[in-house]
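Visitor: Those sequence lines, one after another, are chains H and U. Counting in this note's numbering, the first sequence tops out at residue 1304, every number present. Counting in this note's numbering, the second sequence tops out at residue 436, every number present. We put the CB at the ideal spot given by N, CA and C, even for glycine.
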Amino acid sequence: MKLCKNRAAAYVICFAAVVFSVFVLGGGKLSNRRQEAEQAFSEGENGYSAYLDLMESREYAANLVRIAKKALPESKNYKQAEQLLEEYEEAGTPEEYYEIMEAMSSALLELQEELKESADGETFASADKQYVNYNAKMSNLKFDDSYNAKAKEYNALCGKFPAALIGAVTGNGPLPVFE
Amino acid sequence: MDMEQKRRRRYRKICGIIGILALCAGILGAGAVCAPERAAAAIGIVSEPESGFVVDEAGVLKAATIAQLNEIGEETDYNTGTSVVLITVEYTGTYEIDEYVDQVFDSWEIEDGLVLVMAIGDEDYYVMPSAGLSNYLSASDMQEILDEELEPDFAAGDYDAGAKKVYEAFCEKIEELYDAYGSKPEENGGTSGNQSASEEGSNGGADSGLNGGGNETTGTAAAKPVNTSSGKARRGNILLMLFLVMGVILFFVFISSLFRGGGSRRRTGGYYYGGHQRPPHGGVFGPGYRTPPRRTPPPPGGPRAGAPGGRPMGGPGYGGRSSRPTGGLGYGGSGSRPGNPSGSGRSSGSGWNSGSGRSSGWSSGSGRSSGTRSSGAGRSSSGAGRSSSGSRSSSRGGGFGGGGSRGGGTGRRK
Chain H
1126 MKLCKNRAAA YVICFAAVVF SVFVLGGGKL SNRRQEAEQA FSEGENGYSA YLDLMESREY
1186 AANLVRIAKK ALPESKNYKQ AEQLLEEYEE AGTPEEYYEI MEAMSSALLE LQEELKESAD
1246 GETFASADKQ YVNYNAKMSN LKFDDSYNAK AKEYNALCGK FPAALIGAVT GNGPLPVFE
Chain U
23 MDMEQKRRRR YRKICGIIGI LALCAGILGA GAVCAPERAA AAIGIVSEPE SGFVVDEAGV
83 LKAATIAQLN EIGEETDYNT GTSVVLITVE YTGTYEIDEY VDQVFDSWEI EDGLVLVMAI
143 GDEDYYVMPS AGLSNYLSAS DMQEILDEEL EPDFAAGDYD AGAKKVYEAF CEKIEELYDA
203 YGSKPEENGG TSGNQSASEE GSNGGADSGL NGGGNETTGT AAAKPVNTSS GKARRGNILL
263 MLFLVMGVIL FFVFISSLFR GGGSRRRTGG YYYGGHQRPP HGGVFGPGYR TPPRRTPPPP
323 GGPRAGAPGG RPMGGPGYGG RSSRPTGGLG YGGSGSRPGN PSGSGRSSGS GWNSGSGRSS
383 GWSSGSGRSS GTRSSGAGRS SSGAGRSSSG SRSSSRGGGF GGGGSRGGGT GRRK
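1) Could you tell me whether any Cβ in chain H is nearer than 8 Å to the Cβ of residue 3 (chain U)?
2) How many angstroms separate the CA atom of residue 1218 (chain H) from the CA atom of residue 123 (chain U)?
3) State the Cα-Cα distance for the pair residue 26 (chain U) and residue 1286 (chain H), rounded to the nearest angstrom.
4) Can you pull out the residues from the stretch 1188 to 1216 of chain H whose beta carbon lies closer than 8 Å to at least one beta carbon of chain U?
5) Leaving out the 5 sequence neighbours to the left and right, which residues in its chain are closer than 8 Å to residue 1278 (chain H) when beta-carbon positions are compared?
6) Output needed in chain order: residues of the stretch 1255 to 1285 of chain H with a Cβ under 7 Å from some Cβ in chain U.
7) DSSP state of residue 82 (chain U), grouped into three classes?
8) Can you round the beta-carbon distance between residue 1229 (chain H) and residue 1206 (chain H) to whole angstroms, since I take them to be within the 8 Å contact cut?
9) Hey, is the stretch 107 to 125 of chain U in contact with the stretch 133 to 143 of chain U, meaning 3+ C-beta pairs nearer than 8 Å?
10) Residues of chain H with CB closer than 7 Å to the CB of residue 260 (chain U), please, in chain order.
11) Flag this pair as yes or no: are the beta carbons of residue 1243 (chain H) and residue 1197 (chain H) separated by less than 8 Å?
12) Quick one: grab the DSSP three-state call for residue 134 (chain U).
13) Taking Cβ-Cβ distances shorter than 9 Å, what residues in chain U pair up with residue 1230 (chain H)?
14) Taking the alpha carbon of residue 268 (chain U) as the reference point, which residue from H:1144, H:1289, H:1152 has its own alpha carbon closest?
15) Is there a C-beta anywhere in chain U that falls below 8 Å from the one on residue 1143 (chain H)?
16) Mind listing the chain H neighbours of residue 75 (chain U)? Cutoff is C-beta to C-beta under 8 Å, in chain order.
17) Taking only the alpha-carbon atoms, compute the straight-line gap between residue 64 (chain U) and residue 121 (chain U) and give it to the nearest angstrom.
18) Residue 399 (chain U) bridges to which residues according to DSSP?
19) Between residue 72 (chain U) and chain H, is any beta-carbon pair separated by less than 8 Å?
20) Could you give the first and the last residue of the continuous beta strand (DSSP E) run that contains residue 447 (chain U)?
21) How big is the Cα-Cα spacing for residue 1239 (chain H) and residue 188 (chain U)?
22) Nearest to residue 421 (chain U) by CA position, among U:28, U:106, U:90, U:175, is which residue?
23) Could you give the DSSP three-state label for residue 1176 (chain H): helix, strand or coil?
24) Terminal residues of the continuous alpha helix (DSSP H) containing residue 1254 (chain H)?
25) Label residue 1269 (chain H) either buried or exposed according to how many other C-beta atoms from any shown protein chain fall within 10 Å of its C-beta, with 16 as the threshold for buried.
26) With distances taken Cα to Cα, identify the nearest neighbour of residue 1296 (chain H) among H:1237, H:1148, H:1223.
27) Just to confirm, are residue 1200 (chain H) and residue 1234 (chain H) a CB contact at a threshold of 8 Å?
28) Of the residues that make up the stretch 1173 to 1187 of chain H, which ones have a beta carbon closer than 8 Å to any beta carbon in chain U?
29) Helix, strand or coil: which one does DSSP assign to residue 77 (chain U)?
30) Going by other Cβ atoms of all chains shown within 10 Å of its Cβ, with 16 needed for buried, is residue 1190 (chain H) buried or exposed?
31) When you compare only the Cα positions, how much space is there between residue 263 (chain U) and residue 1294 (chain H)?
32) On a Cα-Cα basis, can you pick out the residue from H:1154, H:1182, H:1241, H:1140 that is closest to residue 1213 (chain H)?
33) Step through the CB atoms of chain U and report whether any lies within less than 8 Å of the CB of residue 1136 (chain H).
34) Excluding sequence positions up to five away, which residues of its chain have a Cβ less than 6 Å from the Cβ of residue 80 (chain U)?
35) So what's residue 1302 (chain H) in DSSP terms, helix, strand or just coil?
36) In this structure, how does DSSP classify residue 141 (chain U) when only helix, strand and coil are distinguished?
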């Protein structure tokens, strides 16, 4: 074929083949690994998953917010926590959940401190019970091997070259690890 | 090579490039994993017990009370095929109390029954019947029972006594209704598809109790779907990458077409770089100088015969043919200007399956099925009418029919 004898065309084809193999094949492999990790996040194993732990912790956080709403209606920590509860509804990726979870944990910690100082004993005891349950769910999240292990594997793969470049271009960045 | 062949060659190149890009886009698009959408789970709802109908999540009931209420509930279920469920919780989490009751119906798959939830921390309670039962047990009846049996003790903080009284009252009422309407639907003009409950009630009663489950404060079922991609950001990155690849390829094609070597350079005259260079008009010494005429050498020997001396034979007196460029630009090949390969009808998007990249396939969902419910009765709810959602065939004989949908409820606050 005359096209194949053309040097410029040959350069183009070679370049296209390189780009294809690096970005398309390599990117596809990377994204498959990422999807495995995300699936582990939402489905987990044996009925337990990181997502379930997060959602259950959200329920305890909501209870704590209700208590604070009555006891400390002007507290900005309670309002921040209330807003974060709504953001759980909007979140969809592990990165988003992780950000919300971190913000919620710090907001609840400060809220608990406020309740300890300002609220009566019974109210604080009730709030503390919810806070303890919330932390228990956070602990489950940290020891969730099904997701965390896969996320670490993926991050190790993603950190190498050219996976890092492919990940940056295709949006397959590192996944958060709940530790 | 004529214009037609050049056009064909160019066309083949364009098709080849578009084909490669389409292949890339197609593979990228096929690489997208579309995870199936899953229903939202009843997270945060008390899980149903392995046996019995009473769950004391809030820890306000005595063990003896729980045992007694479970016995009463078993008996009512046996006699009427109706589950009467009592749940105590501190708070209802992200749910409103009526939503919580509704979720219990879904989560525990209660088809024919009544659910009463007492939220101790919120100082609220709510009761909701199934749709079939609501045909016979009105919201006013339920409110009356709540006001008489539960409210006084609830307000006083004696949750154990209040729960005991109200549960017994509801079970008694249901059995009365069943005796009146449930067993003889034809005689009493019962509606809602009551079956021959006398036969099925006895059979169904043996099949009492709910499906086993854990006693954890967790919900069941599948998880909320998670976006497998960063959605728009990832699709944007893939498209950006495609455009980059396309741009680089087009650049190479353009460069190659500029320096295309299709064969030997065609000379039509004129000036060439690196080729044979003819002297300008008038010779190398300038246009005004004329090279001396050539003289034919004299014949050997004597004077010439018949030839005038010094006169050149034939030809013009100039040093050579006049040279004038005939081509337009003097480049090799035809005199026409090389065509811009990007100008001949190539559209950037033609023939591409640009693809949607990786479709998430995953919807974020709302985290809980809202549905629409019929109103319930409770301490705080006004009990606005909500139609039920979904219907399930009853797996227990007897009962009041209704197919698993909800009836009107009522609560503490009016």
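Guide: Looking at the coordinates:
1) Lying outside 23 to 436, the shown extent of chain U, residue 3 (chain U) is not represented and no answer is given.
2) As a first step, residue 1218 (chain H) is located in the first sequence; it is residue number 93 there, counting from the start. As a first step, residue 123 (chain U) is located in the second sequence; it is residue number 101 there, counting from the start. When rounded, the distance between both Cα atoms is 30 Å.
3) Locating residue 26 (chain U) in the second sequence gives position 4, where the first residue counts as 1. Locating residue 1286 (chain H) in the first sequence gives position 161, where the first residue counts as 1. So the alpha carbons of these two residues sit roughly 47 Å apart.
4) 1188, 1191, 1192, 1210, 1213, 1214, 1215, 1216
5) To locate residue 1278 (chain H), count along the first sequence from 1; it is residue 153. Cβ neighbours of residue 1278 (chain H) beyond the five flanking positions: 1158, 1162.
6) none
7) For the purposes of this step, residue 82 (chain U) is taken as residue 60 along the second sequence, with counting starting at 1. It is coil, neither helix nor strand.
8) Start at 1 with the first residue of the first sequence, and residue 1229 (chain H) comes out as number 104. Start at 1 with the first residue of the first sequence, and residue 1206 (chain H) comes out as number 81. Indeed they touch by this definition, with Cβ atoms about 6 Å apart.
9) yes
10) Against the second sequence, residue 260 (chain U) aligns to sequence position 238. Near residue 260 (chain U) (Cβ distances below 7 Å), the residues of chain H are 1295.
11) Taking the first sequence and counting its residues from 1, one reaches residue 1243 (chain H) at position 118. Taking the first sequence and counting its residues from 1, one reaches residue 1197 (chain H) at position 72. Taking 8 Å as the Cβ cut-off, residue 1243 (chain H) and residue 1197 (chain H) qualify as a contacting pair.
12) In the second sequence, counting from the first residue as 1, residue 134 (chain U) sits at position 112. Residue state, collapsed to three classes: coil.
13) Here the question's residue 1230 (chain H) lines up with position 105 in the first sequence. Neighbours of residue 1230 (chain H) on chain U: none; closest Cβ ~17 Å, over 9 Å.
14) Stepping through the second sequence from its first residue, residue 268 (chain U) is reached at position 246. Cα-wise, what sits closest to residue 268 (chain U) is H:1144.
15) Along the first sequence, one-based indexing puts residue 1143 (chain H) at 18. Cβ-Cβ to chain U under 8 Å: no for residue 1143 (chain H).
16) For the purposes of this step, residue 75 (chain U) is identified with residue 53 of the second sequence, where counting begins at 1. In chain order: nothing, as chain H lies at least about 23 Å away.
17) Taking the second sequence and counting its residues from 1, the one referred to as residue 64 (chain U) is at position 42. Taking the second sequence and counting its residues from 1, the one referred to as residue 121 (chain U) is at position 99. The straight-line gap from Cα to Cα measures roughly 11 Å.
18) Start at 1 with the first residue of the second sequence, and residue 399 (chain U) comes out as number 377. Bridge partners of residue 399 (chain U): U:149, U:432.
19) As a position in the second sequence, residue 72 (chain U) is number 50, starting the count at 1. Not closer than 8 Å to any Cβ of chain H, the Cβ of residue 72 (chain U) fails to qualify, so no.
20) There is no way to answer for residue 447 (chain U), as the model of chain U reaches only from 23 to 436.
21) In the first sequence, counting from the first residue as 1, residue 1239 (chain H) sits at position 114. In the second sequence, counting from the first residue as 1, residue 188 (chain U) sits at position 166. Looking at the two C-alpha atoms, the distance is approximately 38 Å.
22) Within the second sequence, residue 421 (chain U) is the residue found at index 399, counting from 1. That would be U:106, whose Cα lies nearest to the Cα of residue 421 (chain U).
23) One-based indexing of the first sequence puts residue 1176 (chain H) at position 51. Residue 1176 (chain H): helix per DSSP, three-state reduction.
24) Looking up residue 1254 (chain H) in the first sequence gives position 129. Residue 1254 (chain H) -> alpha helix (DSSP H) spans 1246 to 1267.
25) Locating residue 1269 (chain H) in the first sequence gives position 144, where the first residue counts as 1. With 16 or more other Cβ atoms within 10 Å, it is buried.
26) Position 171 of the first sequence, counted from the start, is the residue given in the question as residue 1296 (chain H). Closest by alpha carbon: H:1148.
27) Within the first sequence, residue 1200 (chain H) is the residue found at index 75, counting from 1. Within the first sequence, residue 1234 (chain H) is the residue found at index 109, counting from 1. Taking 8 Å as the Cβ cut-off, residue 1200 (chain H) and residue 1234 (chain H) do not qualify as a contacting pair.
28) 1174, 1176, 1177, 1180, 1181, 1183, 1184, 1185, 1187
29) The sequence position of residue 77 (chain U) within the second sequence is 55, counting from 1. Strand at residue 77 (chain U).
30) Within the first sequence, residue 1190 (chain H) is the residue found at index 65, counting from 1. Flag for residue 1190 (chain H) reads buried.
31) Position 241 of the second sequence, counted from the first residue, corresponds to residue 263 (chain U). Position 169 of the first sequence, counted from the first residue, corresponds to residue 1294 (chain H). Taking the straight line from one Cα to the other gives about 7 Å.
32) Working through the first sequence from its first residue, we reach residue 1213 (chain H) at position 88. The shortest Cα separation from residue 1213 (chain H) among H:1154, H:1182, H:1241, H:1140 belongs to H:1182.
33) On the first sequence, residue 1136 (chain H) is found 11 positions in, with the first residue counted as 1. Closer than 8 Å: yes.
34) Start at 1 with the first residue of the second sequence, and residue 80 (chain U) comes out as number 58. Within the same chain, residue 80 (chain U) has close Cβ partners 110, 111, 112, 142.
35) The sequence position of residue 1302 (chain H) within the first sequence is 177, counting from 1. Looking at residue 1302 (chain H) - three-state DSSP - the assignment turns out to be coil, as it is neither helix nor strand.
36) The count along the second sequence starts at 1 and reaches residue 141 (chain U) at position 119. DSSP places residue 141 (chain U) in strand when its eight states are reduced to three.
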